[in-house]
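Residue numbers (the working numbering): 2 to 437. Cβ coordinates follow ideal geometry from the N, Cα and C atoms, glycine included.
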Ligand SMILES: Cc1ncc(COP(=O)(O)O)c(C=O)c1O
């Protein structure tokens with residue numbers, strides 16, 4: 002049970018007077034500090050973190066000692082150098098290491114400060130590279146909230162209404178196997194592929210006008226939806242057949258979250274442009290857009306920013322990528338082993354509780370979707386929100402995804418013991434909600 006709730010509520014009340022409304026949860030999680038598997042609130046309550054604070058702390062809450070120490074050192078040397086205008090060596094060192102993590106032939110890196118900016122850059126670059134004007138993205142996708150990437154995003158109308166019209170983006174269904182009309186996991190991708198090939202490319206516009214397809218290898222905000230491998234392979238074939246670039250938005254699913262550095266690697270295809278943010282600098286804002294060298298470069302002055310390549314962010318990212326390079330195999334095994342543990346336990350819950358409709362994921366990127374009944378699959382949004390609140394009360398931080406799912410994305414470094422403790426808390430909450 003949360004202690005000193007009144008203190009937390011007072012901070013929330015002050016917050017709502019001066020901070021613009023955003024996407025806050027409906028319980029008073031007021032974080033003060035964190036370390037490893039845990040975060041602590043302003044009243045001294047301790048929480049197991051199954052959120053990685055939106056997939057950022059992949060290697061432990063508040064990053065690890067190496068990343069923190071690199072940041073501390075850099076702050077005393079130089080923080081900001083206007084890297085997109087002047088030169089500096091550290092961002093080059095980091096970019097050289099980063100490029101090596103991508104398929105052969107990748108090599109041009111652009112630095113920004115967030116996921117949305119990384120996607121804005123990818124959208125602009127794909128238009129410059131191809132001289133084409135349209136982009137294609139998927140329903141349930143989330144690519145960010147600034148105008149270009151918001152045009153791509155299509156997970157909730159609340160993100161878009163009042164803001165349109167948007168840039169020339171065509172949306173198409175993503176294979177959501179659990180809710181597929183064909184009701185057959187293996188065939189569900191066919192509908193999505195068919196819509197692109199036989200509706201969009203035949204009736205709306207041809208590949209001559211579509212610059213890029215934006216894909217989240219696993220849809221995040223839209224509900225932790227894992228597409229069938231066959232769909233991703235077919236999509237890649239379509240982009241190649243039609244001269245369309247494939248942009249893999251790795252902002253949430255990338256950077257070892259699924260056990261692989263690139264989430265798209267789980268599907269055996271490559272992209273032409275990748276975007277990353279969130280975990281890349283271990284808690285300091287950074288976005289990167291990285292493209293195939295063969296696509297060329299952009300005209301000088303056509304895209305830039307003030308803070309991209311900021312030395313504090315780059316120092317963190319550089320220490321983080323060194324950590325990944327040293328520990329890649331063990332991080333991969335860890336994501337697999339812990340992911341399997343979570344999936345097994347959630348699948349047991351699915352057998353026992355009517356409201357647990359679907360369990361899906363790859364590595365340590367796992368979603369559980371709640372429904373009012375397994376037969377009707379009616380979204381159990383209120384029940385999902387009550388589960389989140391009950392878990393908070395018992396010291397477990399979770400995040401929602403989509404209309405009625407919860408995402409389980411603990412740091413990859415979390416101990417098995419705390420993973421089990423977190424799952425115990427989640428199970429108790431599901432039991433309580435199920436009993437009415
Ligand atoms: C897949 C994906 N792309 C882009 C974004 C936007 O990132 P940011 O919030 O850093 O702008 C998000 C954020 O959740 C995301 O999950």
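Is residue i helix, strand or coil by DSSP?
{"i": "residue 1", "result": "Missing from the structure shown is residue 1; the chain here goes from 2 to 437 and no further."}
{"i": "residue 456", "result": "Because the chain is modelled from 2 through 437, residue 456 falls outside the range shown and cannot be assessed."}
{"i": "residue 138", "result": "strand"}
{"i": "residue 312", "result": "helix"}
{"i": "residue 172", "result": "strand"}
{"i": "residue 164", "result": "coil"}
{"i": "residue 400", "result": "strand"}
{"i": "residue 282", "result": "helix"}
{"i": "residue 254", "result": "coil"}
{"i": "residue 115", "result": "coil"}
{"i": "residue 372", "result": "strand"}
{"i": "residue 381", "result": "coil"}
{"i": "residue 3", "result": "coil"}
{"i": "residue 226", "result": "strand"}
{"i": "residue 32", "result": "strand"}
{"i": "residue 388", "result": "helix"}
{"i": "residue 299", "result": "coil"}
{"i": "residue 219", "result": "coil"}
By the DSSP assignment, the beta strand (DSSP E) with residue i in it spans what residues?
{"i": "residue 276", "result": "274–277"}
{"i": "residue 250", "result": "246–250"}
{"i": "residue 105", "result": "Run containing residue 105: none; DSSP gives neither H nor E here."}
{"i": "residue 270", "result": "Run containing residue 270: none; DSSP gives neither H nor E here."}
{"i": "residue 406", "result": "406–409"}
{"i": "residue 431", "result": "Element bounds for residue 431: not the beta strand (DSSP E) but the alpha helix (DSSP H), 417–435."}
{"i": "residue 216", "result": "211–216"}
In terms of residue numbering, what span does the alpha helix (DSSP H) encompassing residue i cover?
{"i": "residue 144", "result": "Looking at the DSSP string, residue 144 is not in any alpha helix (DSSP H), and its letter there is neither H nor E."}
{"i": "residue 441", "result": "Missing from the structure shown is residue 441; the chain here goes from 2 to 437 and no further."}
{"i": "residue 194", "result": "189–195"}
{"i": "residue 13", "result": "6–19"}
Ligand 3 and residue i: does any heavy atom of the ligand fall closer than 7 Å to the residue's C-beta?
{"i": "residue 279", "result": "Inclusion of ligand 3 in the displayed structure is not the case, the ligand content consisting of ligand 1 alone."}
key: contact_flag[the stretch 94–103, the stretch 210–219] where n(CB pairs < 8 Å) is 3 or more   = By the criterion of at least three beta-carbon pairs nearer than 8 Å, the stretch 94–103 is not in contact with the stretch 210–219.
request  = Tell me the start and end of each unbroken beta strand (DSSP E) in the stretch 314–365 that is at least 3 residues and wholly inside, in chain order.
outcome  = The qualifying runs are 357–363.
task = May I have a chain-ordered list of the beta strand (DSSP E) segments no shorter than 3 residues that lie completely inside the stretch 34–87?
result = Runs of the beta strand (DSSP E) inside the stretch 34–87: 39–42 and 47–50.
ask   = Is the stretch 12–24 close to the stretch 57–72, with three or more CB pairs under 8 Å?
value = They do not touch, by the three-pair rule.
query = Should the stretch 405–416 be regarded as contacting the stretch 374–390, the criterion being three or more beta carbon pairs within less than 8 Å?
reply = Yes, they touch.
key: At least three beta-carbon pairs within less than 8 Å, the stretch 230–245 to the stretch 196–210   = The stretch 230–245 is in contact with the stretch 196–210.
task = For the stretch 347–355 and the stretch 131–150, state whether three or more C-beta atom pairs, one from each stretch, are separated by less than 8 Å.
result = Three or more beta-carbon pairs separated by less than 8 Å are not found between the stretch 347–355 and the stretch 131–150, which leaves the two stretches without contact.
query = Just checking, does the stretch 248–260 make contact with the stretch 112–132 on the three C-beta pairs under 8 Å criterion?
reply = Because the criterion of three Cβ pairs below 8 Å is met, the stretch 248–260 and the stretch 112–132 touch.
inquiry  = Would you call the stretch 103–115 in contact with the stretch 308–318, where contact means no fewer than 3 C-beta pairs closer than 8 Å?
reply    = Yes, the stretch 103–115 is in contact with the stretch 308–318.
request  = Decide if the stretch 37–49 is in contact with the stretch 259–277; the criterion is three or more beta carbon pairs, one per stretch, under 8 Å apart.
outcome  = The stretch 37–49, when compared against the stretch 259–277, does not touch it at the 8 Å Cβ threshold.
query = For the 8 Å Cβ check, are there 3 or more pairs between the stretch 62–78 and the stretch 32–44?
reply = They touch, by the three-pair rule.
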